[in-house]
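Novice:
Protein chains in written order, with our numbering: chain C, 1 to 444; chain B, 445 to 888.
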C-alpha cells in the first residue's frame, strides 16, 4: 500500500447524493417524466455539459455569470452549462438546416450553478425541459400542447393535487401601459412576480414605494384579484375595454390558448388563469406558466416556463420563437423528502431474490435465468452467509418482495419455495409455472 | 438587440452531439443496457460529476491526472470525474454502514478526460458500469453473475455475434513466476495485453526485446496459444502440473467461475476462456473479461473489467473486494456509426402524428388525448402549414410510422383516417376502436 493516511470520503457541499432506497424513488420520478415527454412526441436531446465559455456566457452579466463554473484547459475557455436553454439555442442555431420545425425536444440532464449552499439549493441539479421551437413563427397550439404535457406528467407523478397557472405577459405589460406606469413597469412586474410569497400588505407597501399613485394601485390590484373560472376571467378582461394594443393581443392569445386547452378536456381543477403569474425572466413575451402543489403551497412553483419571441439572437439572425417549461427535479425531490412526502413508487429493482441452501448454488442460476427471461427483475443471493436465516436477513434489508428458496426437496421435485416477504406466506411452485406465478403476484 | 455581432454556434472538439435520428438510436441502446442491469437486480447510483480534487486524484500520477479536468471555485479544488470507479470507491467507503453487502450497483453516466481529440476518443463519454462489492470477502458466484449480466445485455443490444473472453490474472502471474520471468513480469503482461492488436511476429519481437530466453518464450507462447472449449483448456492447464501457488489458485478460481457459468446455461459460442486476456490495469487481481464483436474485431474489446481485491484503500481500512465491468457507450456508438452498423431499433418517439384539416384543429387534441391515454406516443401537427400536403411532408421528414387525418367527414362520423406511411395504405377507423387499431398495427 502506497500510503497509510486515508483521505476522508466525502462530497462537496451543495451536491445531492442518495442512498439506494431514495435513488430508486428519484429514478422512478425521472422515468415517469421522461415517459410522459416521449408519449407527447418530444424528441430526446443530449448536449455536452461542458461548452465554450463564449457560448454559455453569450448573454453575459448578472448573477448567472457569477455562478457559472468556468475554467481553462490548455488554451480553451470552458464552462459548465447553468441551464438547458442556452445549449438548446446553440444547438438549434447550429443545426438549423437539419431539424424539422416545429422542433419539439426534451432534455433531462444536470446543470451547474455555484450558488451559496442553502436548503433546497443545489450546485448540481437535474432539469427536465420541454421546448417547441418554430422557424419565423409558431402557432399558439403549441402553448396548449406544453400545458397538456405537463398535465399528463403531473398526473403520472401522482404528487397530490396540483394546479397549472396560466397567464400572458402581454396582458400585464399592456395593462401597465394603460395605467401609464412608464419607467415603473419593470419593477412593478417584478413585484407582482413575488406577490404570492410576500402577501398583500407587503405587496401594497412595495408598489407604493415604487411610486404608483392611488388610482394606479387600485386598478392594478383589481386586475390581479380577478377570480373565477377561465371564461369568467376572460369575459371580465374583455369588459375592461382596455385600448392598449399589447393588452388586446395578449387577451386574444390567452383566449385562443384557453380554447385549445378546453378541447383537450383538461378539467379546470388542474389549471386556471391567474393574472398574478408574471415570471421574472426577461425573455418571456407571451404565455407564462407556473405549477403549484396545492397541499404544499410553500414549495412555490415547481414547474415554470413560457413563450419567448426569439430563442437564439446571440447566435443567428433567424427568428426562432418558442415555448417551453422546466421541472427542477433535484429541488422538487429534496423538498418532498424534507416534508416526508416522497412518492411511494420507485424505479425497477429486483422483485425476487433466489436463495439456495448450501450445495444447491448452481440451481439458483438456472432458476434466475428462467425468471429473467420472463422479464422478472431477479437477484441471486451471492453473499457469504451459509445459514438460511442470515440469507433471509439480507432479503429483509433489501426489502425485496419475494424470495425463492431452493433446497434438496425443491431440486428433487423441480419446484421453488416462494416466500412472500410481506405476509410471510410460503408456497411451493413448480418450476414451469414459476414465471407466471411471480408475474401474477407482482401485478397485485 | 444588444449586439449585431453573432457568436458562431459550435461545440468543443472531442465532444459528441447527435441529431435526433441518431440520438434516438443512442437512447435506445442506453435503455436496453439500463433495463438489463435492472433485470439482474443491480441498484442505480448517481454520484456528482464534480468532486473534490483530492478524492478523484487520490491515486494520483500518470496519464489520468494529466487528463483530468480540474479547477478552482472559491477556495475549493474541484475536478470532474474521469471514470465511475473512484466515485464508487468513495461512495461505498462513505456510506459503508448504510449499504447491504454484497452491494450491487449500476451507474450510467458521463465521465471526462481531456484527451487529444482523435477518432473514437471523446473528452465527454458515457460509461455503463456494474460492480458487485463485498465486505471482507466476495464469492466467485459474483464473477459469474457479472458475465451473465453482460451476456443478457449484449443479446438485448443485438449487435451481431459477440464473445465474452474470460481469464484469471493469477494464472498469468503464477505462470510468469513458474517461468522465472522475475522483473520482466510486468512488462511481459503488458505485451500480452496488446498481443491480439500487434500480431504474432511483433509479439515475439517484443518479448525478445524484453529479454525472455528461448525456453521462456516457447513455454509462454504454448500457454497463450491453448485452444479449445473451456473443459479442454482447464484440463490442459491442470496437466501442466505447475507448482506455483498463485497459478494453482487462479486455475481453481477459473474452474469455479466456469462451473457457475455452465449452470447458467450460457452457450459456449458466447464466451470462452482466453489466456491472452490480461487487462492493463494494475488493480485487477483475479477474473478478467473482455468482449468482442466477432464481425468487427477491429473495434477491440467493447466491454471489459474484472475482479479486484480492494476497491477503496485510499479511503478506508475496510477491505472491499469487488468485481465489475464497463461498457464505453459513447465510443461503441461512434465506432458502429462509422462502420454504418448502428442498430435499427430506437428509443420511443411519436408513433402517430395527428393532422387536422383547417378548422378542425380542436378535434386533433381530443384524438391525441385518447391515444396518449392508451400509451401510444402521439404528436399533434403544430406547424404553420395549412395545406394538407405540406403537413404530410412534415410527417415524411420525421419518419413517423402512422398519420391520423381529421377532416369534415371524420368529425361527422366520429372516425380518423389512419395512413400507414410505409405502405401508403389508408383506412377509416372509428374513434372508439382507434387505440386498439394503432396498438395492433404497431405490434407487427
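Even for Gly, the Cβ is constructed at its ideal location relative to N, Cα and C.
Examine the Cβ distances between the region 282-291 of chain C and the region 421-432 of chain C and report whether three or more of them are shorter than 8 Å.
Specialist: Taking 8 Å as the limit for Cβ pairs, the verdict is that the region 421-432 of chain C does not touch the region 282-291 of chain C.
Novice: Run through DSSP, which three-state label would residue 377 of chain C get?
Specialist: Your numbering for residue 377 of chain C matches position 377 in the first chain. It is coil, neither helix nor strand.
Novice: I'd like to check one pair, residue 670 of chain B with residue 664 of chain B: are the Cβ atoms closer than 8 Å?
Specialist: Translated into positions along the second chain, residue 664 of chain B becomes position 220. Translated into positions along the second chain, residue 670 of chain B becomes position 226. Taking 8 Å as the Cβ cut-off, residue 664 of chain B and residue 670 of chain B do not qualify as a contacting pair.
Novice: Compare the beta carbon distance of residue 292 of chain C and residue 308 of chain C with 8 Å and say whether it is the shorter of the two.
Specialist: Here residue 292 of chain C refers to the residue found at position 292 of the first chain. Here residue 308 of chain C refers to the residue found at position 308 of the first chain. Cβ atoms of residue 292 of chain C and residue 308 of chain C: not closer than 8 Å.
Novice: Alpha carbon to alpha carbon, what distance is there between residue 886 of chain B and residue 2 of chain C?
Specialist: Taking the first chain and counting its residues from 1, one reaches residue 2 of chain C at position 2. Taking the second chain and counting its residues from 1, one reaches residue 886 of chain B at position 442. The pLDDT assigned to residue 2 of chain C is 48, lower than 50, so where the model puts this residue is not dependable, and the model offers no usable value.
Novice: By DSSP, does residue 655 of chain B sit in helix, in strand, or in coil?
Specialist: One-based indexing of the second chain puts residue 655 of chain B at position 211. Reduced to three states, the DSSP call for residue 655 of chain B is coil.
Novice: Within a Cβ cutoff of 6 Å, which residues of the same chain sit near residue 434 of chain C, ignoring the five residues on either side of it in sequence?
Specialist: Within the first chain, residue 434 of chain C is the residue found at index 434, counting from 1. Cβ neighbours of residue 434 of chain C beyond the five flanking positions: 416.
Novice: Using CA coordinates, which residue listed in C:186, C:277, C:168 is at the minimum distance from residue 248 of chain C?
Specialist: Position 248 of the first chain, counting from 1, holds the residue named residue 248 of chain C. Comparing Cα-Cα distances from residue 248 of chain C to each of C:186, C:277, C:168, the minimum goes to C:168.
Novice: Which same chain residues, not among the five before or five after residue 712 of chain B, have their C-beta less than 7 Å away from its C-beta?
Specialist: Along the second chain, one-based indexing puts residue 712 of chain B at 268. Excluding sequence neighbours, residue 712 of chain B sits near 673, 674.
Novice: Using the C-alpha atoms, what's the distance from residue 35 of chain C back to residue 402 of chain C?
Specialist: Translated into the one-based positions of the first chain, residue 402 of chain C becomes position 402. Translated into the one-based positions of the first chain, residue 35 of chain C becomes position 35. Approximately 27 Å, taken between the alpha carbons.
Novice: Would you verify that the beta carbon of residue 56 of chain C is, or is not, closer than 8 Å to some beta carbon of chain B?
Specialist: Within the first chain, residue 56 of chain C is the residue found at index 56, counting from 1. No, its Cβ sits nowhere closer than 8 Å to a Cβ of chain B.
Novice: Tell me which residues share the same chain as residue 598 of chain B and place their Cβ nearer than 6 Å to its Cβ, disregarding the 5 neighbours each side in the sequence.
Specialist: Counting from one through the second chain, the residue named residue 598 of chain B turns up at place 154. So the list reads 606, once near-sequence residues are dropped.
Novice: Expressed to the nearest angstrom, what Euclidean distance is found between the alpha-carbon atoms of residue 117 of chain C and residue 595 of chain B?
Specialist: Start at 1 with the first residue of the first chain, and residue 117 of chain C comes out as number 117. Start at 1 with the first residue of the second chain, and residue 595 of chain B comes out as number 151. Going by the C-alpha atoms only, they are around 44 Å apart.
Novice: Hey, does residue 793 of chain B have any beta-carbon neighbour from chain C nearer than 8 Å?
Specialist: Translated into the one-based positions of the second chain, residue 793 of chain B becomes position 349. Yes - at least one Cβ of chain C is within 8 Å of the one on residue 793 of chain B.
Novice: DSSP on residue 77 of chain C, reduced to helix/strand/coil?
Specialist: Numbered from 1 along the first chain, position 77 holds the residue referred to as residue 77 of chain C. Residue 77 of chain C: strand per DSSP, three-state reduction.
Novice: Do residue 224 of chain C and residue 171 of chain C have their CB atoms nearer than 8 Å?
Specialist: As a first step, residue 224 of chain C must be located in the first chain, where it is residue number 224. As a first step, residue 171 of chain C must be located in the first chain, where it is residue number 171. No.
Novice: Compute the beta-carbon to beta-carbon distance between residue 362 of chain C and residue 714 of chain B, rounded to the nearest angstrom, for a pair I have assumed lies under 8 Å.
Specialist: For the purposes of this step, residue 362 of chain C is identified with residue 362 of the first chain, where counting begins at 1. For the purposes of this step, residue 714 of chain B is identified with residue 270 of the second chain, where counting begins at 1. Actually they are not in contact, since the Cβ atoms of residue 362 of chain C and residue 714 of chain B sit about 18 Å apart, beyond 8 Å.
Novice: Please list the partners that residue 263 of chain C has in chain B, where partner means a Cβ-to-Cβ separation under 7 Å.
Specialist: As a working note, residue 263 of chain C is residue 263 in the first chain. Under the 7 Å cutoff, chain B gives 806, 809, 810.
Novice: Check whether the Cβ atoms of residue 618 of chain B and residue 685 of chain B sit closer than 8 Å, and answer yes or no.
Specialist: The residue given as residue 618 of chain B occupies position 174 in the second chain. The residue given as residue 685 of chain B occupies position 241 in the second chain. For residue 618 of chain B and residue 685 of chain B, no; Cβs fall outside 8 Å.
Novice: Could you name the residues of the same chain whose beta carbon sits closer than 7 Å to that of residue 455 of chain B, not counting the 5 residues immediately before and after it, in chain order?
Specialist: Position 11 of the second chain, counted from the start, is the residue given in the question as residue 455 of chain B. Answer for residue 455 of chain B: 461, listed in chain order.
Novice: Could you check which residue in B:742, B:467, B:749 has the C-alpha nearest to that of residue 726 of chain B?
Specialist: The residue labelled residue 726 of chain B in the question sits at position 282 within the second chain. Nearest C-alpha to residue 726 of chain B: B:749.
Novice: Under 8 Å: do the region 518-529 of chain B and the region 490-506 of chain B share three or more Cβ pairs, one atom per stretch?
Specialist: They touch, by the three-pair rule.
Novice: If you reduce the DSSP assignment to three classes, tell me which class residue 445 of chain B lands in.
Specialist: On the second chain, position 1 is the one that residue 445 of chain B refers to. Caution applies to residue 445 of chain B, whose pLDDT of 43 falls short of 50 and renders its modelled position unreliable; the value that the coordinates give is listed next. Residue 445 of chain B: coil per DSSP, three-state reduction.
Novice: Rounded to whole angstroms, how far is the Cβ of residue 39 of chain C from the Cβ of residue 816 of chain B, which I believe are closer than 8 Å?
Specialist: Counting from 1 along the first chain, the entry for residue 39 of chain C is found at position 39. Counting from 1 along the second chain, the entry for residue 816 of chain B is found at position 372. Contact holds; Cβ gap of about 5 Å.
Novice: Please list the residues of the region 585-596 of chain B that have a C-beta atom closer than 9 Å to any C-beta atom in chain C, keeping them in chain order.
Specialist: Per Cβ criterion, the list reads 585, 586, 588, 589, 592, 596.
Novice: Check the Cβ of residue 7 of chain C against every Cβ in chain B and list those closer than 8 Å, keeping chain order.
Specialist: Here residue 7 of chain C refers to the residue found at position 7 when the first chain is read from its first residue. Result: 498, 499, 502, 758, 759.
Novice: Measure the beta-carbon distance from residue 124 of chain C to residue 106 of chain C and round it to whole angstroms, keeping in mind my assumption that it falls under 8 Å.
Specialist: By one-based count along the first chain, residue 124 of chain C stands at place 124. By one-based count along the first chain, residue 106 of chain C stands at place 106. Not quite, the Cβ-Cβ distance comes to about 20 Å (not below 8 Å), so this is no contact.
Novice: Since residue 552 of chain B and residue 477 of chain B should fall inside the 8 Å C-beta cutoff, what is the C-beta to C-beta distance between them, to a whole number of angstroms?
Specialist: Residue mapping note: residue 552 of chain B aligns to position 108 of the second chain, counting from 1. Residue mapping note: residue 477 of chain B aligns to position 33 of the second chain, counting from 1. Rounded, the Cβ-Cβ distance is 7 Å, consistent with contact.
Novice: If contact means a Cβ-Cβ distance below 8 Å, which residues of the region 544-577 of chain B contact chain C?
Specialist: Of all residues in the region 544-577 of chain B, 544, 545, 546, 548, 549, 554, 556, 558, 567, 568, 576 have a Cβ within less than 8 Å of some Cβ in chain C.
Novice: Ignore the nearest five residues each way along the sequence and tell me which others in residue 863 of chain B's own chain have a CB closer than 6 Å to its CB.
Specialist: Looking up residue 863 of chain B in the second chain gives position 419. Around residue 863 of chain B: 847, 870.
Novice: Leaving out the 5 sequence neighbours to the left and right, which residues in its chain are closer than 6 Å to residue 723 of chain B when beta-carbon positions are compared?
Specialist: Within the second chain, numbered from 1, the residue matching residue 723 of chain B stands at position 279. Answer for residue 723 of chain B: 732, 750, listed in chain order.
Novice: Alpha carbons only, please: which of B:564, B:791, B:763 is nearest the one belonging to residue 475 of chain B?
Specialist: Counting from 1 along the second chain, the entry for residue 475 of chain B is found at position 31. Checked all of B:564, B:791, B:763; the closest Cα to residue 475 of chain B is B:791.
Novice: Among C:192, C:431, C:397, which has the Cα closest to the Cα of residue 543 of chain B?
Specialist: As a working mapping, residue 543 of chain B is identified with position 99 in the second chain. The option with the nearest alpha carbon to residue 543 of chain B is C:397.
Novice: Give the residues of chain B in contact with residue 241 of chain C, contact being defined as C-beta atoms less than 7 Å apart.
Specialist: Here the question's residue 241 of chain C lines up with position 241 in the first chain. Here the premise fails: no neighbours, minimum Cβ distance about 28 Å.
Novice: Are the Cβ atoms of residue 798 of chain B and residue 832 of chain B separated by less than 8 Å?
Specialist: Counting from 1 along the second chain, the entry for residue 798 of chain B is found at position 354. Counting from 1 along the second chain, the entry for residue 832 of chain B is found at position 388. No, the Cβ-Cβ distance between residue 798 of chain B and residue 832 of chain B is not below 8 Å.
Novice: Per the contact definition of three or more C-beta pairs closer than 8 Å, is the region 308-319 of chain C in contact with the region 88-99 of chain C?
Specialist: Segments in contact, yes.
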